[in-house]
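Visitor: Chains as they are written, first to last, in the numbering used here: chain A, 18 to 496; chain B, 18 to 496.
Following this message is one structure expressed as structure tokens.
There are 2 protein chains.
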Amino acid sequence: MAKEKKLVEAITSMEEDFAQWYTDVVIKAGLIAYSNIKGFMVIKPAGYALWEAIQKHLDARFKATGVENVYMPLLIPESLLQKEKDHVEGFAPEVAWVTHGGTEPLQERLCVRPTSETLFCDFYKDDVHSYRDLPRLYNQWCSVVRWEKETRPFLRSREFLWQEGHTIHATAEEAEERTKLMLQVYADLCREDLAIPTIKGQKTEKEKFAGAEHTYTIEALMHDGRALQSGTSHNFGDGFARAFGMQFTDKDNSLKYVSQTSWGLSTRIIGALIMVHGDNSGLVLPPRIAPTQVMIVPIRQDAEGVLDKAKELQKQLAAQEIRTGLDDTDKSPGWKFAEQEMRGIPLRLELGPKDLAQGQAVLVRRDTREKEIVPFEELAERIPALLETIQADMYRRAEEHLNSHTYEAHTYDEFKETIEKKPGFIRAMWCGDQACEDKIKEETTATSRCMPFDQEPISDVCICCGRPAKHLVYWGKSY
Amino acid sequence: MAKEKKLVEAITSMEEDFAQWYTDVVIKAGLIAYSNIKGFMVIKPAGYALWEAIQKHLDARFKATGVENVYMPLLIPESLLQKEKDHVEGFAPEVAWVTHGGTEPLQERLCVRPTSETLFCDFYKDDVHSYRDLPRLYNQWCSVVRWEKETRPFLRSREFLWQEGHTIHATAEEAEERTKLMLQVYADLCREDLAIPTIKGQKTEKEKFAGAEHTYTIEALMHDGRALQSGTSHNFGDGFARAFGMQFTDKDNSLKYVSQTSWGLSTRIIGALIMVHGDNSGLVLPPRIAPTQVMIVPIRQDAEGVLDKAKELQKQLAAQEIRTGLDDTDKSPGWKFAEQEMRGIPLRLELGPKDLAQGQAVLVRRDTREKEIVPFEELAERIPALLETIQADMYRRAEEHLNSHTYEAHTYDEFKETIEKKPGFIRAMWCGDQACEDKIKEETTATSRCMPFDQEPISDVCICCGRPAKHLVYWGKSY
């Protein structure tokens, strides 16, 4: 038992030190290893399998809305990056520059893409001529590089994996519809597949994407009460179109600029999965995206018939398209339990000689640790139902956590006291002036997370300056 | 009709200028666009969909052999690249160097990965300690950069997409087995999914991968008689293991070096698909990987019931998991036919008012242009069968082409005459001395493609020097 305890004890408890708990889980669950370049990580099989599952669900959702995948170059010439003024100001300070190709210095330096708006614009401007060519709904799955100073696995790294969608449209209305639609796709992914509730809203001017007219966001709340921006969707209007000359001939034969959007979701979302659902035994994965949904652990697997029955059950469940593993290594059952809990496998199926004799197996939920004994002939029905229940329960608990950690403030004192003592979202009114936003950030370290779509004026005045309020804002400390 | 003719005429015929035909197809079929950096391309939806299909089939084949996916950093520190002498000599002259991160010069320059052996070694050396940790069977899907001088879409570009598998094993035998197994996986993908026959064999010392003990390859033959290296699998022995200190404690408690392999297949294979199956009307795609397998074209779609029936058929076929499109644009049927032929869609289903009245549709094969009339009620059975037939016929024709363009040479004169007059593979004996290989390349531009696994001594002496022969070699001009 000493060994098993060691594995579990090796994680710092989240109540003691949440940041250290996070790092411990990321490493012990085998999601990543640090590479020897700061801010670049090795995504190990357990981590990459999560990303593959997220990709699969999200890509299907994209394609259902007509999106097509493409691939743009990794490198961007400096002159191209500079074409849109706000964009280059936002990104130039944090890109990696390629200056040599082989043994030759380059005539113009190239940056490793931090995002690909400029490449899509450069492509679209030659590819689109007529209203018949519109809309273009392209997406790419790739890695991007941003030279961040502070880095943490998944949450902020110098290289990360993501998808970036870039669409162009004949009308501003259509672009706005697409911007909202893709935010909804992200919110659906979070709710239905990742069991993560989010607040949908609009970023303030200060927090919007460099070069965008406006940015929509989904914000999730982590277990420690800090917010995580989990996916963003930007409406560019015709800003880039004018800078790049993206024009088309409309039905009335007039030359018009296209309207444009972009939207992205990254491996950062794996950080959200960990910090929304994890506990002091490690990861807790929602069944819908868990690479392994059920792990069979034979107890006394040397006993006659146990391993054979375990294999038979594995086959039977796999045939039902339940992702089922079998741990028949020579580790002790206790060690296996601890390992699988660390990895967040939603359901454990225990099977020993006694169970075999009685024609039953023991099911243990990862999320609640509840056990139940199920006759073999009922497993085919019970397991899928239980996985559904776990998925729903995980969402419900995360939603309860979000709701119980969302506060309202009507005065600045109340705001400051809440931020200090009650980690979570604070709903408070704002005048719309960046000076107030800056002051709040400086004095409390809380930032405006979003102006929720669901606007409900909870008072008439700005929390900070007392002038008339324009927007309800979700504020919070964030990752 | 003028417009339709224009679309078709716009392709150079392959007999006239094969290189121009290739470029025309790549562009007109919408596979790529050139970017504004030499050697970097935009892979458009039709091109990327092909890569997605290839990825899906290949990834499933990998996973069936126990391979797991991971993701390694994009950038490699110069000192790491230099750790294995032969490897750095092979790659350093053609890498892109990152020298600045944000506004700061880097202390050590980083290259954009040209391949990731060094990163996997650096990771494995800390991650693996005991025989219990072995084998490790990791793969990643990513893009790599090699600063090539001459570039052509898919065939040779400065950035390309690929997968690179990197495995480590406890014994040399196991590593050798894996090296051969992965070559077989590539050959199976080509034969069963891409309808491309290949010659399996070993590269000569001159042609092997930088740092490998030996390299296995599959070589395909293009329509113009030139060879294309289509996938390679390398056995590194313990060369990198010694350079990087990748050791493990074996069952007998002794410290040993791991044995290592790597294997890769890239978007280059799309070039093979084009040049093995294409014709003067454009692409011809094997049904198993065609993103759209059947395209329904309504004839006089304004006539009563035609479009409704077309939509009904599309639904019916989609329910059978046949990837079915419906072209209900306002283009003329002739224009649609030409466009779909250019895109290589395996089967066209034509449906006009007359067909509707007679309860039938017309099926037209892309590969042979054969037409057949099929009653509605037989479509559900006929179409899948026909797709299977097309797949099999495409392989058979490619194999016939390979066989009829494979020659034997017993003297150097015969060799030179064949190379000049009969584009294809030449089977000829070789002494094993690199001087002969160099001489043949210099005088004929033909290179050794591989020493086939199926060794059949067709004479006793080297084609070039007349000394005793050691190996049968496939020679050819190559891409």
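Cβ atoms here follow ideal geometry from the backbone N, Cα and C, with glycine treated the same way.
Here's a check: name, in chain order, each residue in its chain whose Cβ is nearer than 6 Å to the Cβ of A/Cys159, leaving out the five neighbours to either side.
Guide: Within the same chain, A/Cys159 has no close Cβ partners at all.
Visitor: Per DSSP, A/Ser279 forms a beta bridge with which residues?
Guide: A/His183 and A/His251
Visitor: Can you tell me whether DSSP reads A/Gln318 as helix, strand or coil?
Guide: coil
Visitor: Any chance the stretch 119-128 of chain A sits against the stretch 87-106 of chain A, with 3 or more Cβ pairs inside 8 Å?
Guide: yes
Visitor: How is A/Leu373 classed by DSSP in three states: helix, strand or coil?
Guide: helix
Visitor: Report the residue from B/Val478, B/Leu302 and B/Glu222 whose alpha carbon sits nearest the alpha carbon of B/Asn252.
Guide: B/Glu222
Visitor: Is the shortest distance between the beta-carbon of A/Trp164 and the beta-carbons of chain B less than 8 Å?
Guide: yes
Visitor: Taking the alpha helix (DSSP H) that B/Leu324 falls in, what are its first and last residues?
Guide: Val323 to Ala336
Visitor: Rounding to the nearest angstrom, what Cα-Cα distance links B/Ala81 and B/Met199 in this structure?
Guide: 11 Å
Visitor: Going by CA-CA distance only, name the one from A/Leu282, A/Phe261, A/Thr464 and A/Asp450 that's closest to A/Leu97.
Guide: Comparing Cα-Cα distances from A/Leu97 to each of A/Leu282, A/Phe261, A/Thr464 and A/Asp450, the minimum goes to A/Phe261.
Visitor: Pick from A/Gly299, A/Arg153 and A/Tyr429: whose alpha carbon is nearest that of A/Thr278?
Guide: A/Arg153
Visitor: My understanding is that A/Ser174 touches A/Gly56, with C-beta atoms under 8 Å, so please give their C-beta distance in whole angstroms.
Guide: Confirmed, about 5 Å.
Visitor: Residues of chain A with CB under 9 Å from B/Pro110, in chain order?
Guide: Ordered by position in chain A, the residues that pass the 9 Å Cβ test against B/Pro110 are Gly119 and Thr120.
Visitor: Relative to the alpha-carbon of B/Leu75, which residue among B/Ala244, B/Thr135 and B/Ile286 has its alpha-carbon at the smallest distance?
Guide: B/Ile286
Visitor: Counting Cβ pairs closer than 8 Å, one from the stretch 260-276 of chain A and one from the stretch 321-340 of chain A, do we hit at least three?
Guide: no
Visitor: Label B/Phe470 either buried or exposed according to how many other C-beta atoms from any shown protein chain fall within 10 Å of its C-beta, with 16 as the threshold for buried.
Guide: exposed
Visitor: Hey, A/Phe393 and A/Gly376 are a contact pair by Cβ (cut 8 Å); roughly how many whole angstroms apart?
Guide: 5 Å
Visitor: Measuring only the C-alpha atoms, how far is A/Ile407 from A/Arg365?
Guide: Those two C-alpha atoms are separated by around 13 Å.
Visitor: Identify every run of the beta strand (DSSP E) within the stretch 95-175 of chain B, keeping only runs that are complete inside it and at least 3 residues long; order them along the chain.
Guide: 113-118, 121-129 and 153-162
Visitor: Taking one C-beta from the stretch 470-488 of chain B and one from the stretch 433-451 of chain B each time, how about it: are there three or more such pairs within less than 8 Å?
Guide: yes
Visitor: Using a C-beta cutoff of 8 Å, does B/Thr116 count as contacting chain A?
Guide: yes
Visitor: Quick one, which residues of the stretch 274-290 of chain A are near chain B if we go by CB-CB under 7 Å, in chain order?
Guide: none
Visitor: Would you please verify whether the beta carbon of B/Lys61 is less than 8 Å from any beta carbon of chain A?
Guide: Output row for B/Lys61: interface = yes.
Visitor: Check each candidate in B/Gly361, B/Arg340, B/Lys433 and B/Val311 and name the one with the smallest Cα separation from B/Leu380.
Guide: B/Val311
Visitor: Taking only beta carbons into account, state which residues of the stretch 74-91 of chain B come closer than 8 Å to chain A, listed in chain order.
Guide: Glu85, Asn86, Val87, Tyr88, Met89, Pro90 and Leu91
Visitor: Can the beta-carbon of A/Met411 be found closer than 8 Å to that of A/Gln219?
Guide: no
Visitor: Suppose the cutoff is 8 Å on Cβ atoms and the five residues either side in sequence are ignored; what does the same chain contact list for A/Arg340 look like?
Guide: Excluding five sequence positions before and after A/Arg340, the CB atoms of its chain that fall closer than 8 Å to its own CB belong to Ala307, Pro308, Thr309, Gln310 and Val311, given in chain order.
Visitor: Assuming the contact rule is C-beta atoms closer than 8 Å, B/Gly288 and B/Phe171 should be a hit. Round their C-beta distance to whole Å, please.
Guide: 4 Å
Visitor: Counting only C-beta atoms, is B/Ala336 closer than 8 Å to chain A at any point?
Guide: So no, B/Ala336 is outside the interface.
Visitor: Decide if B/Glu329 is buried, meaning its Cβ has at least 16 other Cβ atoms within 10 Å, or exposed.
Guide: Classification of B/Glu329: exposed, given that the 10 Å Cβ count is below 16.
Visitor: Does any residue of chain B have a CB that is nearer than 8 Å to the CB of A/Pro94?
Guide: yes
Visitor: Residues in the same chain with beta-carbon distance under 8 Å from B/Gly483, minus the five sequence neighbours each way, listed in chain order, please.
Guide: none
Visitor: With distances taken Cα to Cα, identify the nearest neighbour of A/Tyr233 among A/Asp210, A/Arg195, A/Thr461 and A/Ile213.
Guide: A/Arg195
Visitor: Counting contacts by CB-CB distance shorter than 8 Å, is A/Ser495 in contact with chain B?
Guide: no
Visitor: Under 8 Å between the Cβ atoms of B/Phe442 and B/Gly361?
Guide: no
Visitor: Report the residue ranges of all alpha helix (DSSP H) runs contained in full by the stretch 378-458 of chain B; include only those spanning at least 4 residues, in chain order.
Guide: You should have 393-421 and 429-438.
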